[in-house]
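Reviewing the structure listed below.
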Amino acid sequence: MLALSRGEEVSAAWMVAAALGSYAIGYRFYSKFIAYKVLKVDKTRATPAERLDNGIDYQPTDRRVLFGHHFAAISGAGPLVGPVLAAQMGYLPGTIWIIAGVIFAGAVQDMVVLFFSTRRNGRSLGQMAREEIGPVGGAAALLAVFAIMIILLAVLALVVVNALAESPWGTFSIGMTVPIALFMGFYLRVIRPGRIAEVSLIGVALLLLALIAGRWVAKSSWAEAFTLSKESLVIWLVAYAFIASVLPVWMLLAPRDYLSTFMKLGTIGLLFIGVVVAAPTLKMDAVTDFATQGTGPVFAGSLFPFVFITIACGALSGFHSLISSGTTPKMVEKETQVRMIGYGSMLLESSVAIMAMIAACVLDPGLYFGMNSAPAVLGETAQDWVNTIQGWGFSLTEADMAAYAKSVEEASLWGRTGGAPTFAIGVADIFASVTGDGLKAFWYHFAIMFEALFILTALDAGTRVGRFMLQDTLGNVYKPLKRVSWWPGLIICSAIVCGLWGYFLWVGVRDPLGGINQLFPLFGISNQLLGAVALTVCTTLLIKSGRLKWAWVTGVPLIWVAVTTLTASWQKVFSGDPRVGFFAQGDKAQAAIDSGELEGKALADAETIVTNTTVDGVLSALFAVLVVVVIADAARVCIKAIRHPATVVSHEEPYVESKYVAPAQLFPTKEEKAELTAAGLGSGGGRTDGPREEVAP
């Protein structure tokens, strides 16, 4: 604030200090208050992983491995892309939302959902809504959650496809993580059970070898075999997601996500170090004119509500609630670990969002807007592009853009929209400032591959969660499907989920205006609407369980996210500005069609735009209505619970004493070490009554 008031330059290192300091305070005090005062986690209570251990979906998993799995599963495209796009408003609004949002909203949602799902045998968010709110609100929640889930999975897959297409380095390196993860799974399960340190060292060594070998492969005769088209990648992704969603969690999903976490945290950690060492200056304005004008070239709309929609993962993300009520609660060893896994993982993801914001804002603003503005905004020729950006008050020449592209071995950087290439350029600049410009191209392509790996880990876990959700939903009609590890239901529901998002993805890669491209504009709003559903369920459960005085913990974030997302939905549906409103954009395209001036491809594209905007507008309105129904019905249930507490029916599983001993945090306390020693267990913990026979859930 002092630097800004004096007109001084601001170093990105201050962003790092502010973020890490805030995270430390939030975790040390606020998360502990919620875990022990509000939720009252109970280490003597057996978790579903302990009670229903079947080696498929329910499996007590070492907290360190599960922490890695959960972090990898929730970390999708959002923390990498959203902050980059929101940087057009300046670095200050987005940074404040990322830090404050995660401490008081996002991490709270993740931890509370994980706790309540763990108390209910790992039930999905939609099923908890149905049981706790009732048939009307529950049905609305089930429909909204599953539909949004399919859109989110297809969008995540599209980002992976775009990142890996025609990239032998990325395809080889990421492909090798699958056999490495399988080896790690069998190592922990069969060869050396419980040897986390050993398998971690082996896995990291193999991962680094795969990364280095990927560059060798890209320059060898093998490159052609790993240079895949977008269509081929779709097939491979769908096949991988199906296999990962049906295999036992210990075999592929958990170890692969754990392995990916090393690369994710290692890269982000190096970025933090690079920022502190190089101390690059933030070149973007703290608050740009686009924040108040609502005419941004990256995305149209005012700062409120669209910054809070664009920056989803990293501050608050509804997608996380699906993981917190999907794979993770079926693997938690002790209730006391939900604080570290739920709240702690979300803080780490927020740190990724901070690095994405820094990566975008240390670039010259001219380069940033040249990369993130669509050709339709910039003009027809390169000189038009330069003139447009200079007209916004930013310095840029054709020679500058050519030099930037050459430095990272790209043909051109004009119009590289979507956020991912900008993040990669920022990462390359930060690392190159420490290692030298000679390695800038290496760091750029490394960052591209890093983004693909980052997002892919959310895809496999998300598909498994989608299967849980579908089984929960269909299980209301056919009871055996509620047994999530029942093989016939497991195979059928996994195939349906993969088929749904795979269809939208397949059409999307073959048609620039079709498939998931048609639904892409719904990504931000639908994700935050899902967050509103999750916080509604959390608030309802707090009130129904007699914690009315603490309901503000999730109630305040609920009010905020409901107001912002419903406002955004209203504007996207009813705004007369074609840059903002779906129907207004469709009307503009229809007017061009009616004029008779379009023909050929231009006419076909305009007709497709009319169809797409109509679909997007209708779905945006539908999702908003469903969320309003959920909130309204939940309010009715809460009022009834307050007035007549004796009528409340608890859907918690009965208390069963735990026979498991394990630390609550990454590192055991002195008391926990003594408890582990007395039980004859290592730092990973375990059962105190010997191995347990597998039972069906």
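Everything in the sequence shown is counted per our numbering, starting at 26 for the first residue and increasing by one. Backbone N, C-alpha and C define an ideal beta-carbon position, used for all residues, glycine too.
Classify Tyr-342 as helix, strand or coil using the three-state DSSP reduction. The identity of residue 342 in the sequence shown is Ser, whereas the question assumes Tyr. Coil, per DSSP.
So for Thr-498, helix, strand or coil by DSSP? helix
DSSP state of Thr-488, grouped into three classes? helix
Expressed to the nearest angstrom, what Euclidean distance is found between the alpha-carbon atoms of Trp-122 and Ala-238? 39 Å
Sub-8 Å separation of Phe-448 and Ala-385 beta-carbons: yes
Own chain partners of Ala-477 with C-beta closer than 7 Å, once the 5 adjacent residues on each side are dropped: Val-185, Ala-188, Leu-189, Gly-195 and Ile-199
Beta-carbon separation of Ser-346 and Ala-559 under 8 Å? yes
Provide the residue span of the alpha helix (DSSP H) that contains Trp-439, from first to last. No alpha helix (DSSP H) contains Trp-439, which DSSP labels as neither H nor E.
Based on DSSP bridge pairs, tell me the residues matched to Ser-726. In this structure the chain extends from 26 to 722, so residue 726 is not present and cannot be described.
Please list, in chain order, all residues of the same chain as Val-161 whose beta carbon is under 8 Å from its beta carbon, the five residues on each side excluded. Val-654 and Asp-658
What first and last residue would you give for the alpha helix (DSSP H) that runs through Ala-238? 221-243
What residue range is occupied by the uninterrupted alpha helix (DSSP H) comprising Met-365? Unbroken run through Met-365: none, as it is neither H nor E.
Three CB pairs or more closer than 8 Å across the segment 657-673 and the segment 317-334: no
Name the one or two DSSP bridge partners that Glu-682 has. Arg-70
Is any beta-carbon of chain C found at less than 8 Å from that of Val-186? Chain labels in this structure do not include chain C; a single protein chain is all it has.
Rounded straight-line distance, which links the Cα of Gly-395 to that of Ser-149: 43 Å
Suppose you measure from the CA of Ala-666 to the CA of Val-377; what does that come to, to the nearest Å? 40 Å
Here's the rule I'm using: 16 or more other beta-carbon atoms within 10 Å means buried, otherwise exposed. How should Gly-463 be labelled? exposed
Exposure label - Arg-53; buried when at least 16 CB within 10 Å: exposed
What separation, rounded to the nearest whole angstrom, lies between the Cα atoms of Glu-718 and Ile-293? Any answer about Glu-718 is weak, because its pLDDT of 47 lies below 50 and its placement is not dependable; what the coordinates show is given next. Distance between the alpha carbons of Glu-718 and Ile-293: 41 Å.
Pair within 8 Å by beta-carbon distance, Gly-131 and Leu-341: yes
At 4 residues or longer, what runs of the alpha helix (DSSP H) sit wholly inside the segment 645-711? 695-703
Just verifying my parser: in three-state terms, what is the DSSP assignment at Arg-76? helix
Please work out which residues of its chain come closer than 7 Å, Cβ to Cβ, to Lys-569, disregarding the five sequence neighbours upstream and downstream, and give them in chain order. Glu-157, Ala-666 and Val-673
Check whether Ala-486 and Ala-98 have beta carbons under 8 Å apart: yes
Take Ala-520 as the anchor and find which of Ser-510, Gly-539 and Arg-489 has the nearest alpha-carbon. Arg-489
Leu-105 and Ala-381 closer than 8 Å at C-beta: yes
Could you check if Asp-454 is buried or exposed, using at least 16 other CB atoms within 10 Å of its CB as the buried criterion? buried
Around the Cβ of Ala-721, are there at least 16 other Cβ atoms within 10 angstroms (buried) or fewer (exposed)? Caution is warranted here: a pLDDT of 42 is assigned to Ala-721, below 50, making its placement in the model unreliable, and no coordinate value can be reported.
In the DSSP assignment, find the alpha helix (DSSP H) that holds Gly-162 and state where it starts and stops. 160-189
Have a look at Thr-422, Thr-286 and Phe-692 and flag the residue whose alpha-carbon is nearest the alpha-carbon of Leu-232. Thr-286
Rounded to whole angstroms, what is the Cα-Cα separation between Val-259 and Leu-272? 20 Å
Pair within 8 Å by beta-carbon distance, Ile-81 and Ser-510: yes
Check for me: the alpha helix (DSSP H) holding Thr-196 runs from which residue to which? 193-211
Proximity winner among Ser-254, Cys-523 and Phe-419, relative to Leu-178 (alpha-carbon distances): Cys-523
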